Amino acid sequence: MIVAAVILLVCLFWPSTPLAVGNNGLAVQMGSTIYYANANDQNRLYAMKTDGSGNHQVLAETIGGMVTDGTNLYAFINDEYRYLWTLNLENRSRSLLMDTAAGEMGYSNRYLYYTDFNKDNTLYSLYLSDTNVHTQLTSLPTYDLSSDGNNVYFRYGRDGDYALCSVPLAGGDVTTILSKQVLDVVYYEGKLYYIDQQRNFCSVNPDSSQDQVISEIPCSNLVIFEDQLYFIHNGEAEEEDAGSLCRMNLDGSGYEVLAQGSYNNINVVENRVFFLDNNRQMYYYDIQHRTVGRV
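Using mature numbering (1 follows the signal peptide of the UniProt record, and there is no 0), the letters of the sequence shown map in sequence onto residues -20 to -1, 1 to 275.
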């Protein structure tokens, strides 16, 4: 009885790793360690502590994207195959998880969900178990994947037909949430946040209700971390999806520029925002000290 009570108290008060939603797979956090694909060194896998110390190379392979379940690190190697691997960080090795060319991917509730790069971005899920069951979720070309633990949310567009949709992780019917063009989508705490065709920041409930524009600041690359939106402010640079790194609250208030320039590809972890410039050089923004540095 005493042991059970102690375990319960540990679970309740042990600090959990803060998680961002919307990252594009260039950086993840496991405990107090950040793993990232170092764009300044051919996207090889590096690691550092959340305070920035101990930065070092972990693997020599070129990482195309990665996710974590908190214990394991899953990544596709950016070669001609793009197969998905489980990375063993202790002995710096890898084991093949799936011989499919992965595109976008995410993790939620023991499922890896991913698009097949060689099949027009068709959406699948992989239930991580002894048998690793694969399920095709839809034949639609899917982009900007996000999940609430039960469903995968995605946008699709083909031949002038656009929509924001959902489908159960375990398989089932596809539900259309919005029948319009959406440029980015992130699920966070009961709401879907997205960018509309005019690049406004918007939100809608998963049942299609309360569709609204939150901010008319042109934006892309949405990432939500600890109730704040990190994004790229478009319209300042010639490149369509490049601009300054910015942050604001989810109600559109508190807008601030964190790093002026022409950047893209945001990945947020504890105390760090990783991002790239137009030359694919990697930088970070230190959230605590409000400074910008080159990785």
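Ideal placement from N, C-alpha and C gives every residue a C-beta, glycine not left out. Quantities reported herein were computed from a predicted structural model and do not represent experimental measurements.
- Taking 9 Å as the cut-off, the beta carbon of leucine 238 is found no closer than this to the beta carbon of arginine 274.
- Annotated three-state conformation of alanine 239 is strand, per DSSP.
- One alpha carbon belongs to threonine 51, the other to cysteine 226, and they sit about 31 Å apart.
- Taking all protein chains shown into account, aspartate 128 has 16 or more neighbouring C-beta atoms within 10 Å of its C-beta and is therefore buried.
- The DSSP-derived three-state label of asparagine 259 is coil.
- When the alpha-carbon of tyrosine 87 is set against those of Ile204, His36, Gln22, Val1, the nearest one is in Val1.
- Our two residues, leucine -2 and threonine 48, have alpha carbons roughly 11 Å apart in a direct line.
- A distance below 9 Å separates the beta carbons of arginine 179 and leucine 163.
- In the three-state reduction of the DSSP assignment, alanine 7 falls in the strand class, which pools E and B.
- Shown here, aspartate 231 sits in coil according to DSSP, grouped into three states, outside any helix or strand.
- The shortest CA-to-CA distance from asparagine 259 to any of Asn247, Glu250, Tyr243 is the one to Tyr243.
- When DSSP reads this structure, leucine 92 sits in a beta bridge with Tyr87, Leu106.
- The beta carbon of proline 186 sits closer than 7 Å to the beta carbons of Ser146, Ile157, Leu172 from its chain, once the five residues preceding and following it are set aside; these are given in chain order.
- For the 9 Å CB-CB criterion, asparagine 20 and isoleucine 246 do not form a contact.
- In terms of CA proximity to proline 148, Tyr133 leads the group Leu64, Tyr133, Arg138.
- For tyrosine 168, the closest alpha carbon among the candidates Asp141, Asn68, Gln208 is that of Gln208.
- Straight across, the Cα-Cα distance linking valine 203 with serine 73 is about 30 Å.
- Per the coordinates, the alpha-carbon of tyrosine 104 lies some 16 Å from the alpha-carbon of tryptophan 65.
- When the beta-carbon positions are compared, threonine 80 and asparagine 98 come within less than 9 Å of each other.
- Counting other Cβ atoms within 10 Å of its Cβ, aspartate 141 stays below 16 and is therefore classed as exposed.
- The beta carbons of aspartate 124 and valine 165 sit about 5 Å from each other, so the pair counts as a contact at 8 Å.
- With 16 or more other CB atoms across the displayed protein chains lying within 10 angstroms of its CB, leucine 117 is buried.
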